Every structure is written in C-alpha cells, then in structure tokens.
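Q: Attaching a single structure in structure tokens format; questions to follow.
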Amino acid sequence: FIIRSLNDFLDNKKTESSHHQQKAWTLILPTILVGLLQIGLALGGLILLIIPGLLFIVWFAFAKFAVILEGKRGMEALYFSKSLIENRLFKSAAYIFTGPIIILIFYSVLMASIIMVATNSGALTVEMFFTSEVPLWFILLESLIEIFITTPLILIYSLLVYRMWKPLPAVEKRDENIEI
1 FIIRSLNDFL DNKKTESSHH QQKAWTLILP TILVGLLQIG LALGGLILLI IPGLLFIVWF
61 AFAKFAVILE GKRGMEALYF SKSLIENRLF KSAAYIFTGP IIILIFYSVL MASIIMVATN
121 SGALTVEMFF TSEVPLWFIL LESLIEIFIT TPLILIYSLL VYRMWKPLPA VEKRDENIEI
C-alpha cells in the first residue's frame, strides 16, 4: 500500500487509497514468497561464502518492488531484479548499501543523543541498558523512531533507487520521412 501510494505520488498520479488497499491484500502472499526466496538465496550464498551472499542480496534487492509495482511473481520477480542490476553491479551495490547505512548512522546518532540527554538528566543510567530495567518510555520512543522515521526513510530511499534503475517506458519511434 505504502510503496504503491509513494510511487504514484512520485509520478504525480491521483489514485484512490481504497484501490491501493485492495491491491495490497492481493500482493501479500506473492511478496512474502519472493521475500522467502530472497532470504533463502542470500543465506545460501552467505553459507557458501560471504561474496556470493552479498552478490545475491544486490541482484535481488528490487524483487519486492517487481512484485508490488510490476506484477511479477516468484522467480520472475527475482530475474527481473537481476536484470536491472546487470552491467552495473558495483554501482548498484554502492547505492543499495550506502543509503541505508547512512540512515542507520543517523538513527544511531539520534538514539545516542537521546541516551546522553536522558542519562545526564537522571532519567536513565548506563547500568539499565545492561539489565532488563530499561524504562518503558525509552522502549516506546525507540520503537516510534524506528517506525515513523528510520523505516520510512529506508523505504523511500529504496524506492527512489529502484525507480532510478528501472528502465524508462519505451517511446514509439516516429518515422520522420513518411509523407502524408
């Protein structure tokens, strides 16, 4: 639902949210299937060696977008994702990993700042993090930041990278020599 709505927003399309909600329900099972295929291939590659696992992660990074936005299913979504990466593997890997790493660094700095302020004010102690006595307000705050800041930023970044890598729709070539 969110990915389709964001994609339409980026295309300046006006679409009813109920349309996206109905479509989202039909895509849950295919998206889970493709996710399981991705995880299986990436873990299999990581078990063999680290390099094949990272290669599989990069090749199949756009498979979920292929399911949601292109209507691909199963292995077809994985092949589509791999076709977007071909001939630009290292550039793709840089884009796929760099954005989320920067966002997670921002998240870490934000959480460290909150911990420092809370520790200096006496609301938290360092020992609380090494025991199970972390206050509920801190756990809720951390979850809210993950849900409403970190996850949407990573999702938006990933969609923008996918749109950048996705080929533009074919434009019909007109023959200029045709006389009327």
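By the working numbering, the letter at position 71 of the sequence shown is numbered 71, and the numbering carries on one by one without gaps.
Even glycine gets a Cβ: it sits at the ideal position worked out from N, Cα and C.
Predicted model, so just to flag it, every value in this text is computed and none were measured.
Determine the DSSP secondary structure at S132, reduced to helix, strand or coil.
A: coil
Q: In chain order, what residues of the same chain have a beta carbon less than 7 Å from the beta carbon of I156, not counting five sequence neighbours either side?
A: L6
Q: Run the CB neighbour count on I51, radius 10 Å, all protein chains shown included, and call it buried at 16 or more, exposed below.
A: It is exposed - the Cβ of I51 has fewer than 16 other Cβ atoms within 10 Å.
Q: How big is the Cα-Cα spacing for E127 and I139?
A: 15 Å
Q: Report yes or no: do the segment 103-112 and the segment 142-151 share at least 3 C-beta pairs separated by less than 8 Å?
A: yes
Q: Sorted by chain position, which residues of the same chain lie with C-beta nearer than 7 Å to I115's C-beta, five sequence neighbours on each side aside?
A: L124
Q: Span of the alpha helix (DSSP H) holding A93?
A: L89 to S121
Q: Mind checking S92: buried by the 16 CB within 10 Å criterion, or exposed?
A: buried
Q: By Cβ distance, which residues of its chain are closer than 8 Å to T119, with the 5 residues on each side in sequence left out?
A: T125 and V126, listed in sequence order.
Q: Does chain D have any CB closer than 7 Å to the CB of E127?
A: The chain labelled as chain D is not found in the depicted structure, where only one protein chain is given.
Q: Around the C-beta of V58, are 16 or more other C-beta atoms found within 10 angstroms, so that it is buried, or is it exposed?
A: Counting the other Cβ atoms within 10 Å of the Cβ of V58 gives 16 or more, which makes it buried.
Q: Express the C-alpha separation of T26 and I101 in angstroms, rounding to a whole number.
A: Straight-line Cα distance between these residues: approximately 32 Å.
Q: If I follow the unbroken alpha helix (DSSP H) through L155, where does it start and stop?
A: T151 to W165
Q: Is DSSP giving A61 helix, strand or coil here?
A: coil
Q: Check whether the Cβ atoms of V161 and Y95 sit closer than 7 Å, and answer yes or no.
A: yes
Q: Pick helix, strand or coil for L55, following the three-state DSSP scheme.
A: In this structure, L55 counts as helix in the three-state DSSP scheme.
Q: Can you tell me whether T125 is helix, strand or coil according to DSSP?
A: coil
Q: According to DSSP, is G40 part of a helix, a strand, or is it coil?
A: helix
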